[in-house]
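Engineer: The structure under discussion is supplied below as structure tokens; questions concerning it will follow.
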Amino acid sequence: MSDRLLAFDGIGQDFPAPGTKANIRVLDGISFDVDRGKFVAVIGPSGCGKSTLLQMAAGLLIPTRGAVHHRGRTVTTINTEVGFVPQQAQLFPWKTLAENVELPLLFRGVAAGERRQRVADALGAVGLKGFEQHFPNQLSGGMQKRGSIARTLVYRPDIILMDEPFGALDAQTRMVMQSDLQTLSMEAGATVIFVTHDITEAVLLADHVVVLSQRPSRLLANIPIDLPRPRNMFEPFRNPAFEAAYDAVWTEFRSQIDIGRVH
Amino acid sequence: MSDRLLAFDGIGQDFPAPGTKANIRVLDGISFDVDRGKFVAVIGPSGCGKSTLLQMAAGLLIPTRGAVHHRGRTVTTINTEVGFVPQQAQLFPWKTLAENVELPLLFRGVAAGERRQRVADALGAVGLKGFEQHFPNQLSGGMQKRGSIARTLVYRPDIILMDEPFGALDAQTRMVMQSDLQTLSMEAGATVIFVTHDITEAVLLADHVVVLSQRPSRLLANIPIDLPRPRNMFEPFRNPAFEAAYDAVWTEFRSQIDIGRVH
Amino acid sequence: MTESKPMTEMTYDATDGGTAPRRSISARAAKPLQWLLKLLPGIALLLFWQWASGRLIREIYVSKPTAVAARLYELFASGEIYPHLWTTGQELVLGYVIGVAGGVLGGYALGRSPQLARIFEPYVMAFYGIPKIALAPLFIIWFGIGMGSKIALASIMVFFLVFYNVFAGVRSVDRELVNLTLVMGANQRQLTYHVFLPAAAPFVMLGMRLAIPYSVIGVIVGEFTSSAQGLGLFIHEASSTYDPAGVFAGIVILLAFVGTANLLAGRLERRLLRWRSLSGSGPIDI
Amino acid sequence: MTESKPMTEMTYDATDGGTAPRRSISARAAKPLQWLLKLLPGIALLLFWQWASGRLIREIYVSKPTAVAARLYELFASGEIYPHLWTTGQELVLGYVIGVAGGVLGGYALGRSPQLARIFEPYVMAFYGIPKIALAPLFIIWFGIGMGSKIALASIMVFFLVFYNVFAGVRSVDRELVNLTLVMGANQRQLTYHVFLPAAAPFVMLGMRLAIPYSVIGVIVGEFTSSAQGLGLFIHEASSTYDPAGVFAGIVILLAFVGTANLLAGRLERRLLRWRSLSGSGPIDI
Amino acid sequence: PARAQQAVRIGLGAPTLSFLPIWSARALDTFKTQGLTANVVALPGGDPSALAALDAGDIDLAAVGPDSMLRAAAKGQPFEIVYSLMSKVTLQLVVSPALLERTGVKASDPLDKRLAAIKGTLVGATALAGAQEIAARWLAAKGGLDPKNDLKVAQVGNPTAIQAALEAKRIDAFVLSPPEGYLAEKAGSGTVLVSLGDDFPLLANQPYLVLAAKKPISAATADLITRTAKALQDASAAAVGKPDDTAAAIQKQFFAKADPQAIAVALKAMSSGVAEGGKIDVESMQNALTFAREVGTNFGKDFDAKASENDLWTNRFVDAAKGK
Ligand SMILES: Nc1ncnc2c1ncn2[C@@H]1O[C@H](COP(=O)(O)OP(=O)(O)OP(=O)(O)O)[C@@H](O)[C@H]1O
Ligand SMILES: Nc1ncnc2c1ncn2[C@@H]1O[C@H](COP(=O)(O)OP(=O)(O)OP(=O)(O)O)[C@@H](O)[C@H]1O
Ligand SMILES: [Mg+2]
Ligand SMILES: [Mg+2]
């Protein structure tokens, strides 16, 4: 399987529960593969461990049980071959937006001229032209998140991990950025794992939708979405196959989760 | 008009633009009223000034032009009669979840026994039972946001300002919480202004949807939603009137915003 | 805020290898080893001192560990040291407490009010910069030659350190959180207690720690200037009566004071800043 | 992070009234008034000093402003003070620079490595607590009676303050941000430069500010103990020859040193922490 | 006489052996027979600190050098010398072996030759502008050198620090009282070249360390001073009469860790300075003023030895004590 880029293999994660000596089991035996150039969407209830999974792929957290394999090697330390867009934007507050986006290029020793060009392109792509000199605390929440996305896309990593990337964006902006992401992946062959709460988004973008259950979280389903690409992000419901795929995910998601949970 | 609780009156806001001497005009003459016991949803593109508007209502920011009137009095200082759920959860990192939620009650001198009860209820309502002793950095993004909502609802303020309250929640949890919010508003007569990017949510919850334009932001429309209450949050599309309302908002939102903006 | 989990500690520090589960096992087994590691530099130092004394440097200047230990035993056995201990102990505690209290109050007041800060901060810095030993006669006139002048000197030293740390700490508090708290209906007292103090705690604790050795220095300088009793006097007398072991015995006792206070402060700090350690970035531990 | 806007400054401080637009207008008009307000306490102090001298307290202990001014003029006019100034100036600058460099390096190393910190931090605290004046003979043997021993003393004082601040600062850096930077592909040098230093900057700057007066104290204590030239010696001589105006003239010169350094540090701080002021929580301004 | 014990508070600038009467009085406890307990307060801040404490009323008597006292008096401070603790200059010039070797001078050489050796040296002192610096410069002048430029004086700290500096070759010489010279000789790091009190008659008879009191002196204080003076006289007599026993007592109680031999030697070297029982006369006072003039001390006022009797200095208490 030369195509298998990233593999989550029986991942389990326990966290200490404050106040008690016991642990809370958060993830319980999650296994799925991500093939090269594919989109994988991860959905699941709030607090089920989606962000935790992404952190493991980035090597920021070693699972209590199981392991993440990247190109066959077990991830045991910081994984610098992935790009990571965290749930909170996490821009560097002491750098302007442009400096923030430039940083990974600087780390990679890209020449100054090219850096400037790529930063301008990346900021343009997320609609932040004109805000280069703003510090993060001068940007709105959605703008910060877009900045964080630009900071990752600018260095074109092979694997992109995105934690609810478009959650803080309005419908219009979101559609444009979804479309851009699809183009990027198709042209550059980037592999994307992204967490989302929006089932429409998951079905629209993904080749596979991974559905997680309530804590302790197990893999409910790994649903392949066989819609042709490029897909139209602006009018998803025009495509009759879309509805079917949406329903498949929604049924899976909804059926096994206790509606009355929060009461 | 004894029913007019909060009035935004010709609000304009300029921010200094870094790098230049000029100012960026963010809000440009926004006027709308909020009646007692009503739900008002504010939608608009990312970075248009929605959070800024809420901050003005809370008295955290004095508009450059115009004013916010609360019960006829101009808001010029911290407005302690509102409850504010900020865009970032902003829990106190040095307090456990339970202590965070308890804090406003403590400020209001509520007795210890009642405090405990109300905190437990509020945490239960947002599905965070069992996480009382967790510190905020031990919670997932969505859990933090729910904690922040609980912290505001627990003291039952007259006016609740919510900045994208359910954006980080999965579809299921979100529906339950939307439904709860509606119940709360109907039973306690709370007035709610909330910012959202989800047009479905706006139409479902609101009595009025305020649509803002691109920066410099003007009021595009203030659309009344005349669906009967209680509305069913779990199956919105069953209601034929809903589709019509949705389309009205969507048309307004979409028509006037340049699709190609981010490119 | 949920991005980091305890185990990231491993990845965070480049010089630190090993995976997390392995580490937690070795951590338990390594408790005595940890202690050994901690003590090792100290033991090496003592051995070197013992060896060097009389070889590299005359014993009259540095004494030697065995002689210091013997002298310490003698001092405690004969009871000669207790009155000195008692005096200096009182001076230290009072000087420290007064200085910390003043520093916290002053730093908080100026930290909260930019107006006042703009006016008074330069003066505080100026007073802080005055070399106190140049004013020894003045101190004697104002505070006498008893405990008063030592307490004054120590609390001034402590005051400045705590003042500046609290000042900086209060100014670094996130205003959004403050505003949110005000919207929630907090009054000034509640704001101070629930937001400013915890948020500024890392700075406050740092100031309190820095101040520990300075309270000692303040008291000792004071006793070196004038005194009838106290460890400073004891050290000074030992040094002028050709008793190097006495000098170092006195220093060892002072270090015991510092060490104990530092240990207590470390405890307090770990307690107050527990929430920080949970996210991985631990507080200073002793 | 976007919740707070500049104008919240107004609401943030309870003792501060007025609406934002009004304030920015008055701010411009009030520039000279600000200065007056700043100078007022100083002037009041000088007047009180002048009045009290000879009334509340003998002039022999506190001199008086006019006499000090006259003495200052005399010292500069005759050129008597220049060699002292030159010596002390060199000692201050060297002591400060060496101390800051050592403190930043040491604090950073120990801050980054919890292992090292656990082992060495107690020793640093212990050395810090040793009353250096008790070790005068050692200093003389090791560093001589020239500038060496003063530079050593000043840089040790500075070292400790900077060390602890950098140490605490590095430890307070958000680990998530560090991890993210590592994922982005930063090497250790880049991590230090782009993340640790800016994130720890508030602590580092605080340490550098606290250290300014202590470098002065270190040099003066050193010169009081042993020296052939320098402001400390000048002050000491003036004090033992009953020349109070000379003592205070010397102190005024030292304060000028401190004030200038503080001003420069304030500039640097405002520059480095500009991003903080934009969100409302301003840096310490002088 | 069966009186209740009364405390007398004496401030001491530095706990050195030169304050011999005080040490021996405490060691032999001659205070007790006078119905006194001595509270000795260390004021290492130097004479100005001791005099400030006297001014503030924290001590009854300050043990200081006469020049500090006179300087303060010149500024209008109401102090009076009531007892001469040491009536000769006890300082010794100690030089390093390297200096002796370089100049070829020996301790047995005539005074002129010995003094000439200090040209171009760096001399250590515990405080600048103090007795030691003054003495060093005066010696240079006596040796025909330029006291300002032919030698340098550095402030080095306490006597231990000075010894360390001499041994580490940071200085060429120092001027200190016994037993420092003896200790340096014993350690092989220095040689006593000049003993000022023995080599110069002018220095053999003048108050070198005195007890000062604050005026006006009340009757009660006068009584206290008289009894103190008596205690000191008794102790001084013992130091002169039974030097070995006294030295042993001092060593045992206050210099327990020091070489007993050193204390004995020091006591013998200094005992001639306490022989007079604290008496000051016009001549010795004149000697002190002459010495001050020769070393260029500017009190800011001219003192007259005779005219200042019973104003700046007095024998009242010494005489009264003698009469007991
Ligand atoms: N340091 C910690 N200590 C204890 N529990 C933790 C810690 N970090 C995370 N958890 C728990 O792990 C669970 C999963 O967290 P995670 O952030 O992965 O959720 P998520 O699926 O991303 O949720 P969301 O959609 O709300 O972001 C949560 O229940 C959280 O309480
Ligand atoms: N301190 C500031 N300095 C300069 N510009 C600022 C400042 N604060 C906010 N702005 C600007 O104001 C605009 C509106 O910000 P606001 O946070 O209100 O947006 P928003 O509508 O809430 O967006 P989002 O949906 O992304 O949260 C943004 O363009 C932002 O850049
Ligand atoms: Mg998450
Ligand atoms: Mg917003």
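Residue numbers (this note's numbering), protein chains in the order written: chain L, 44 to 306; chain S, 44 to 306; chain Y, 2 to 287; chain P, 2 to 287; chain Z, 14 to 337.
All C-beta atoms in this analysis are idealised placements derived from N, C-alpha and C, irrespective of residue type, glycine included.
Return the chain-ordered list of same chain residues with a C-beta closer than 7 Å to the C-beta of A86/Z, the five sequence neighbours on each side being excluded.
Structural biologist: In the fifth sequence, the residue the question calls residue 86/Z occupies position 73. Counting only Cβ-Cβ distances below 7 Å, and skipping sequence neighbours, we find F92 and L325.
Engineer: Can you give me the Cβ contacts of I152/P inside the same chain, cut-off strictly under 6 Å, excluding the 5 residues immediately before and after it?
Structural biologist: For this step, residue 152/P is matched to residue 151 along the fourth sequence. Hits under 6 Å: E92, L95 and G96.
Engineer: Tell me, please, whether the stretch 232 to 240 of chain S touches the stretch 73 to 87 of chain S by the rule of three or more beta-carbon pairs shorter than 8 Å.
Structural biologist: With a cut-off of 8 Å, the stretch 73 to 87 of chain S and the stretch 232 to 240 of chain S count as touching, because enough Cβ pairs lie within range.
Engineer: At a cut of 8 Å, does the stretch 54 to 69 of chain Z reach the stretch 99 to 113 of chain Z through at least three beta carbon pairs?
Structural biologist: With a cut-off of 8 Å, the stretch 99 to 113 of chain Z and the stretch 54 to 69 of chain Z do not count as touching, because too few Cβ pairs lie within range.
Engineer: May I ask you to list, following chain order, the residues of the stretch 149 to 171 of chain Z that have a beta carbon less than 7 Å from some beta carbon of chain P?
Structural biologist: Against chain P - using a Cβ distance shorter than 7 Å - the residues of the stretch 149 to 171 of chain Z are K165, A167, Q168, V169, G170 and N171.
Engineer: So L73/L is in the beta strand (DSSP E); what residue range does that whole segment cover?
Structural biologist: For this step, residue 73/L is matched to residue 30 along the first sequence. It is Ile, not Leu, that sits at residue 73/L in the sequence shown. Start and end: N66 to D78.
Engineer: Assign Y74/P to buried or exposed, taking buried as 16 or more other Cβ atoms, counted over all protein chains shown, within 10 Å of its Cβ.
Structural biologist: In the fourth sequence, residue 74/P corresponds to position 73, counting from 1. It counts as exposed.
Engineer: Closer than 7 Å: is that where the CB of G145/Y sits relative to any heavy atom of ligand 1?
Structural biologist: Walking along the third sequence from the start, residue 145/Y turns up at place 144. No, the Cβ of G145/Y stays beyond 7 Å of every heavy atom of ligand 1.
Engineer: Between the alpha carbons of L40/P and A201/Y, how many angstroms are there, rounded?
Structural biologist: Translated into the one-based positions of the fourth sequence, residue 40/P becomes position 39. Translated into the one-based positions of the third sequence, residue 201/Y becomes position 200. The alpha-carbon atoms of L40/P and A201/Y are separated by roughly 30 Å.
Engineer: Under 7 Å between beta-carbons, which chain Y residues line up against G58/Z? List them in chain order, please.
Structural biologist: Taking the first residue of the fifth sequence as position 1, residue 58/Z is located at position 45. Those within 7 Å of G58/Z in chain Y are A137, T226 and S227.
Engineer: How is the beta strand (DSSP E) around E93/Z delimited, first residue to last?
Structural biologist: For the purposes of this step, residue 93/Z is taken as residue 80 along the fifth sequence, with counting starting at 1. Run containing E93/Z: F92 to M99, per the beta strand (DSSP E) assignment.
Engineer: May I ask whether a heavy atom of ligand 3 can be found less than 7 Å away from the beta carbon of S191/L?
Structural biologist: Counting from one through the first sequence, the residue named residue 191/L turns up at place 148. S191/L Cβ: outside cutoff for every heavy atom of ligand 3.
Engineer: What residues sit near ligand 3, counting only those whose C-beta is closer than 7 Å to one of its heavy atoms, in chain order?
Structural biologist: This selection yields K93/L, S94/L, Q130/L, D206/L, E207/L, V238/L, S183/S, G184/S, G185/S and T3/Y.
Engineer: Identify whether K319/Z lies in helix, strand or coil by the three-state DSSP scheme.
Structural biologist: Within the fifth sequence, numbered from 1, the residue matching residue 319/Z stands at position 306. Looking at K319/Z - three-state DSSP - the assignment turns out to be coil, as it is neither helix nor strand.
Engineer: Return helix, strand or coil for M205/S, following the three-state DSSP convention.
Structural biologist: Taking the first residue of the second sequence as 1, we reach residue 205/S at position 162. It is a strand residue.
Engineer: Let me see if you follow: with CB-CB separation under 8 Å, is W276/Y close to chain S or not?
Structural biologist: Start at 1 with the first residue of the third sequence, and residue 276/Y comes out as number 275. Chain S contact via Cβ: present.
Engineer: Among H240/S, V197/S and F75/S, whose alpha-carbon lies nearest the alpha-carbon of P208/S?
Structural biologist: Taking the second sequence and counting its residues from 1, the one referred to as residue 208/S is at position 165. If we check each option's Cα against that of P208/S, H240/S comes out closest.
Engineer: Quick one: Cα of A153/Z to Cα of P123/Z, how far?
Structural biologist: Taking the fifth sequence and counting its residues from 1, one reaches residue 153/Z at position 140. Taking the fifth sequence and counting its residues from 1, one reaches residue 123/Z at position 110. When rounded, the distance between both Cα atoms is 15 Å.
Engineer: Report the rounded CA-to-CA distance for L196/S versus V153/S, giving the unit in angstroms.
Structural biologist: In the second sequence, the residue the question calls residue 196/S occupies position 153. In the second sequence, the residue the question calls residue 153/S occupies position 110. The alpha-carbon atoms of L196/S and V153/S are separated by roughly 15 Å.
Engineer: Going along chain C, which residues have a C-beta under 8 Å from Q160/S?
Structural biologist: Included in the structure are the protein chains L, S, Y, P and Z, with no chain C among them.
Engineer: Taking CB distances under 8 Å as the criterion, tell me whether V54/Z reaches chain Y.
Structural biologist: For the purposes of this step, residue 54/Z is taken as the residue at position 41 of the fifth sequence. With 8 Å as the cut-off, V54/Z counts as an interface residue toward chain Y.
Engineer: Does any heavy atom of ligand 1 sit closer than 7 Å to the C-beta of R258/L?
Structural biologist: As a first step, residue 258/L must be located in the first sequence, where it is residue number 215. Yes, ligand 1 has a heavy atom inside 7 Å of this Cβ.
Engineer: Got a sec, what are the start and stop residues for the beta strand (DSSP E) A212/Y sits in?
Structural biologist: Along the third sequence, one-based indexing puts residue 212/Y at 211. Careful: A212/Y lies outside any beta strand (DSSP E), inside the alpha helix (DSSP H) at L198 to T226.
Engineer: At a CB-CB cut-off below 9 Å, which residues of chain Z make contact with E122/P?
Structural biologist: Translated into the one-based positions of the fourth sequence, residue 122/P becomes position 121. Residues of chain Z passing the Cβ test: none, with the nearest at roughly 31 Å.
Engineer: Would you call the stretch 34 to 41 of chain Z in contact with the stretch 243 to 252 of chain Z, where contact means no fewer than 3 C-beta pairs closer than 8 Å?
Structural biologist: Touching, per the Cβ criterion.
Engineer: For A101/S and F285/L, I'd like the C-alpha separation in whole angstroms.
Structural biologist: Within the second sequence, residue 101/S is the residue found at index 58, counting from 1. Within the first sequence, residue 285/L is the residue found at index 242, counting from 1. Between A101/S and F285/L, the C-alpha separation is close to 43 Å.
Engineer: When the distance is taken between beta carbons, is A138/Z closer than 8 Å to Q168/Z?
Structural biologist: The sequence position of residue 168/Z within the fifth sequence is 155, counting from 1. The sequence position of residue 138/Z within the fifth sequence is 125, counting from 1. Contact flag set, yes.
Engineer: If you draw a straight line from the alpha carbon of D46/L to that of R159/L, how long is it in whole angstroms?
Structural biologist: Along the first sequence, read from residue 1 onward, the residue named residue 46/L stands at position 3. Along the first sequence, read from residue 1 onward, the residue named residue 159/L stands at position 116. Rounded to the nearest angstrom, the two C-alpha atoms are 34 Å apart.
Engineer: Can you tell me which of the three DSSP states D258/Z falls into?
Structural biologist: Counting from one through the fifth sequence, the residue named residue 258/Z turns up at place 245. DSSP places D258/Z in helix when its eight states are reduced to three.
Engineer: Which residues does DSSP pair with D52/S in a beta bridge?
Structural biologist: On the second sequence, residue 52/S is found 9 positions in, with the first residue counted as 1. Paired residue(s): A110/S.
Engineer: Note down the Cα distance separating G254/Z from A260/Z, rounded to an integer number of angstroms.
Structural biologist: For the purposes of this step, residue 254/Z is taken as the residue at position 241 of the fifth sequence. For the purposes of this step, residue 260/Z is taken as the residue at position 247 of the fifth sequence. In a straight line, the C-alpha of G254/Z is about 11 Å away from that of A260/Z.
Engineer: Taking 7 Å as the limit between beta carbons, can you name the residues of its chain near V171/P, skipping five residues before and five after?
Structural biologist: The residue given as residue 171/P occupies position 170 in the fourth sequence. Closer than 7 Å at the Cβ level, and outside the excluded window around V171/P, lie G108, Y109, G112, R113, F197 and A201.
Engineer: L171/L by DSSP, collapsed to three states: which one?
Structural biologist: Mapped onto the first sequence, residue 171/L falls at position 128. Coil at L171/L, not helix or strand.
Engineer: Would you report the Cα separation of A279/Z and P191/Z, rounded to the nearest angstrom?
Structural biologist: One-based indexing of the fifth sequence puts residue 279/Z at position 266. One-based indexing of the fifth sequence puts residue 191/Z at position 178. Looking at the two C-alpha atoms, the distance is approximately 5 Å.
Engineer: Among V166/Z, E296/Z, D257/Z and G203/Z, which one has its Cα closest to the Cα of A40/Z?
Structural biologist: Position 27 of the fifth sequence, counting from 1, holds the residue named residue 40/Z. Among V166/Z, E296/Z, D257/Z and G203/Z, the Cα nearest to that of A40/Z is on D257/Z.
Engineer: Please name the residue or residues paired with H251/L in a DSSP beta bridge.
Structural biologist: Within the first sequence, numbered from 1, the residue matching residue 251/L stands at position 208. According to DSSP, which records beta bridges pairwise, H251/L is partnered with V83/L and P267/L.
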